[in-house]
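Chemist: Residue numbers (the working numbering): 18 to 109.
Glycine residues also receive a C-beta, built at the ideal position from the N, C-alpha and C atoms.
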């Protein structure tokens with residue numbers, strides 16, 4: 018079974034998500050942006066979600082993590098929780 022590690026930033030609007038993505042692509046540190054802006058408790062760890070397998074996250078999130086480019090900021094990804102920026106850090 019595939020496994021991945023990822024970190025994410027969760028916000029309530031697509032506009033906010035796009036603004037944060039622009040900041041990160043402009044050189045801001047993903048972990049610091051997560052700590053300051055994410056509404057998920059993972060923000061305390063810079064958005065780090067640890068390791069997980071397929072089916073452990075909501076479908077939309079899972080699809081991006083298990084098919085997206087490693088090390089790139091992906092999103093906005095809309096789920097029932099809001100809008101996510103996702104960085105897949107490892108997949109095996």
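Under 9 Å, do residue 96 and residue 66 count as touching if we go by C-beta distance?
Modeler: Going by C-beta atoms, residue 96 is not nearer than 9 Å to residue 66.
Chemist: For residue 65, which beta-bridge partners are listed by DSSP?
Modeler: Residue 65 pairs with 24.
Chemist: Would you grab the beta carbon distance between residue 41 and residue 90 for me? Rounded to a whole angstrom, and I think it's under 8 Å.
Modeler: The pair is a contact, with the Cβ atoms about 5 Å apart (cut-off 8 Å).
Chemist: Between the Cα of residue 59 and those of 109, 20 and 103, spot the shortest distance and give me the residue it belongs to.
Modeler: Per the Cα distances, 103.
Chemist: Give the C-beta separation of residue 32 and residue 71 to the nearest angstrom, bearing in mind that I take them to be a contact with Cβ-Cβ under 8 Å.
Modeler: With 8 Å as the limit, residue 32 and residue 71 do not qualify as a contact, their Cβ atoms being about 30 Å apart.
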